[in-house]
Amino acid sequence: MGEIRYWHKEEETMAPAERAVFQLERLQTTVNRAYRNVDFYRKKFDELGLKPDVIGELTDISKLPFTNKSDLRENYPYGMFAVPLRDIVRIHSSSGTTGKPTVVGYTKNDLDNWNNLVARIMTAGGVTKDDIVHVSFTYGLFTGGFGLHYGAETIGASVIPVSSGNTQRQITIMHDYKSTTLIATPSYALHIAETMEKMGLKKEDLSLKYALLGSEPWGDMIRAEVEDKLGVSATDNYGLSELMGPGIAGECLCKSGLHINEDFFYPEIIDPITLKPLPEGEWGELVLTTLKREGMPLLRYRTRDVTRLYRDDCPCGRTLIKMEKPQGRTDDMLIINGVNVFPSQVEEALNNVKGVSPHYMIFVRKKGALDAMEIKVEVTEDIFFDEMKKQRTLVEELTVQFQKILSIKPKVTLVTSHTLDRFEGKAKRVVDERNIG
């Protein structure tokens, strides 16, 4: 694992009971600020007969109302701000492709906290002031590019703000500028690796040591391929634009779960159907409450991400609660003939079969009154399509794994290497044709 480094050692390693004291104080302050300064929350509290002094202990958070993305859209653009607009020094927003965009405002203190929280995550992932950080996230209203950029600068690292697109140029810049850290989506990191091969470059031709990947679900199969092809240590980081952006949680170099910065974000897991809190260790929907946001405090924000919370004795020494890599999203969940299926489960199945790559596409169609699922999977380059027996065996192995993990039997179609689409942004691996026409 190498040398263990911290950005805020005291905060990251303090005893959970000691941290809980800070969490309670910050939660009480946040609830009071939200009630006093945000009409939306004051109306919610009044409707429920709640007063801001309802929080006497941390478990009282379950008495508070949830906040949904639709609430942010209905209060577009500035209705969720808790400070005057003159105190907001930066505004980010979502693309608004499915409705009004969600607008997020930051005070100067919010930005300082954001920079330091991202610095925590990057330090846990191995980045130091001596690194050259290549940011291939989009810059603009999307929080990812700026979040990682300023986090790296806070550490003291050199930052190359390349943004997205023009992959060959990105590779040339990484080669010539001797970049040591790549910031990207997992799917784009794989695309970079494939483009390097086409350019005749090997991983040894670059100076990369670390890859901090995020913005989409990914698993150990993709991690293994990225690490092998780029020669890096690849860690996951988690963020939400609505709450801040990147910096909410991230893996250390032990890669055994994402440490949540729980002194700034209070996490819960709920049953997405009953909305009741679930104990640590159980899978459900992640709910987060901001504990230090000035510009836009959010109470019990439903992330729609499916994960679980747990504590362990991490070798890195951090005592922050951990979350598993999100299995998927409750709003990305496919229901196939009554069975819940997450795209990440497909990757889990692929991980158990040799001869296939991590590139796949899911197609869902109607076949009479029933749903039919087809999964197209790229084979590795050492599988030749004239070897029919090997193909049949591979399809049978995949079908068994899919049935075991998904609890349904999909149609499996093998395609040659480099056939399926590659993505510079978030990978889109599902085509649901049931509602078309």
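Per UniProt numbering, residue 1 is the first one in the sequence shown, and the count goes up by one each step.
Backbone N, C-alpha and C define an ideal beta-carbon position, used for all residues, glycine too.
{"Item": "Determine, using beta carbons only, whether Leu-230 and Leu-253 come nearer to each other than 7 Å.", "Value": "no"}
{"Item": "With distance defined between alpha-carbon atoms, name the residue in His-92, Thr-154, Thr-138, Thr-102 nearest to Arg-120.", "Value": "Thr-154"}
{"Item": "Compute the Euclidean distance between the alpha carbons of Thr-97 and Gly-2, then round it to the nearest angstrom.", "Value": "Any reading at Thr-97 must be qualified, since the residue scores a pLDDT of 48, below 50, and its modelled position is unreliable; the value itself is stated next. Between Thr-97 and Gly-2, the C-alpha separation is close to 43 Å."}
{"Item": "Closest to Gly-239 by C-alpha separation, out of Pro-343, Lys-198, Leu-148, would be which residue?", "Value": "Leu-148"}
{"Item": "Under a Cβ-count criterion, where at least 16 other Cβ atoms within 10 Å of its own Cβ denotes burial, should Tyr-106 be classed as buried or exposed?", "Value": "buried"}
{"Item": "Does the Cβ of residue 473 have 16 or more other Cβ atoms within 10 Å, making it buried, or fewer, making it exposed?", "Value": "Past the edges of the chain, shown from 1 to 437, lies residue 473, and the structure says nothing about it."}
{"Item": "Does the distance from the CB of Thr-289 to the CB of Arg-300 come in under 7 Å?", "Value": "yes"}
{"Item": "From the DSSP output, which residues share a beta bridge with Asp-112?", "Value": "Answer by DSSP bridge pairing: none, since Asp-112 is not bridged."}
{"Item": "So Arg-33 is in the alpha helix (DSSP H); what residue range does that whole segment cover?", "Value": "16 to 37"}
{"Item": "Which residues in the same chain have their Cβ closer than 7 Å to the Cβ of Ile-405, if we skip the five residues on either side of it in sequence?", "Value": "Gln-345, Glu-348, Ala-349"}
{"Item": "May I have the straight-line CA-CA distance separating Lys-354 from Thr-380, to the nearest angstrom?", "Value": "9 Å"}
{"Item": "With contact counted as at least three CB pairs below 8 Å, one residue from each stretch, are the segment 321 to 334 and the segment 417 to 429 in contact?", "Value": "no"}
{"Item": "Mark Asp-220 as exposed unless 16 or more other C-beta atoms lie within 10 angstroms of its C-beta, in which case mark it buried.", "Value": "exposed"}
{"Item": "Between which two residues does the alpha helix (DSSP H) carrying Val-430 extend?", "Value": "Segment 430 to 432 is the beta strand (DSSP E) holding Val-430; no alpha helix (DSSP H) there."}
{"Item": "What runs of the alpha helix (DSSP H), each 4 residues or longer, lie entirely inside the segment 36 to 63?", "Value": "39 to 48"}
{"Item": "Around the Cβ of Val-339, are there at least 16 other Cβ atoms within 10 angstroms (buried) or fewer (exposed)?", "Value": "exposed"}
{"Item": "Does the Cβ-Cβ distance between Asp-131 and Thr-167 come in under 7 Å?", "Value": "no"}
{"Item": "Kindly indicate which three-state DSSP category Val-306 falls into: helix, strand or coil?", "Value": "strand"}
{"Item": "List the residues that DSSP assigns as beta-bridge partners of Gly-214.", "Value": "Asn-237"}
{"Item": "If we count Cβ pairs, one from each stretch, closer than 8 Å, do we get three or more for the segment 34 to 46 versus the segment 78 to 88?", "Value": "yes"}
{"Item": "According to DSSP, which residues form a beta bridge with Leu-258?", "Value": "Glu-251, Met-323"}
{"Item": "Residue ranges of each alpha helix (DSSP H) run of no fewer than 4 residues wholly in the segment 310 to 389, ordered along the chain?", "Value": "343 to 350"}
{"Item": "Check whether the Cβ atoms of Glu-280 and Pro-272 lie closer than 7 Å to each other.", "Value": "no"}
{"Item": "Apart from the five residues just before and just after Glu-204, which ones in its own chain have a Cβ nearer than 8 Å to its Cβ?", "Value": "Gly-231"}
{"Item": "Note down the Cα distance separating Ile-4 from Leu-64, rounded to an integer number of angstroms.", "Value": "38 Å"}
{"Item": "By Cβ distance below 6 Å, which residues in the same chain neighbour Pro-101 in space, the five residues on each side in sequence not counted?", "Value": "Ser-93, Ser-94"}
{"Item": "For a quick check, are the C-beta atoms of Val-159 and Ala-152 less than 7 Å apart?", "Value": "yes"}
{"Item": "Judging by CA-CA distance, which residue of Thr-30, Tyr-6, Glu-11, His-8 is the nearest neighbour of Leu-291?", "Value": "Thr-30"}
{"Item": "Compute the Euclidean distance between the alpha carbons of Thr-138 and Tyr-188, then round it to the nearest angstrom.", "Value": "12 Å"}
{"Item": "Can you list, in chain order, the residues of its chain whose CB lies under 6 Å from that of Asp-283, leaving out five sequence neighbours each side?", "Value": "It is Trp, not Asp, that sits at residue 283 in the sequence shown. If we look at Trp-283 and ignore the five residues flanking it on each side, its Cβ neighbours are Arg-308."}
{"Item": "Am I right that residue 441 and Tyr-210 are in contact with their C-beta atoms under 8 Å? What's the rounded C-beta distance?", "Value": "Nothing can be reported for residue 441, as the shown portion of the chain is limited to 1 through 437."}
{"Item": "Can you tell me which of Arg-90, Ile-171, Lys-390, Asn-109 puts its alpha carbon nearest to the alpha carbon of residue 491?", "Value": "The shown model of the chain, from 1 to 437, leaves out residue 491, and the question about it has no answer."}
{"Item": "So is Lys-44 buried or exposed if we call it buried at 16+ other beta carbons inside 10 Å?", "Value": "buried"}
{"Item": "Compare the C-beta of Gly-295 against all C-beta atoms of chain D and say whether one is closer than 7 Å.", "Value": "Within the model displayed, chain D is absent; a lone protein chain is all it includes."}
{"Item": "Report the three-state DSSP secondary structure of Thr-97 (helix, strand or coil).", "Value": "Legend: pLDDT at Thr-97 = 48, less than 50; position of this residue unreliable, no value from coordinates given."}
{"Item": "Report yes if the C-beta distance between Asp-234 and Glu-225 is below 7 Å; otherwise report no.", "Value": "Sequence check: residue 234 is Ala here, not Asp. It is not a contact, given that the beta carbons lie outside the stated cut-off."}
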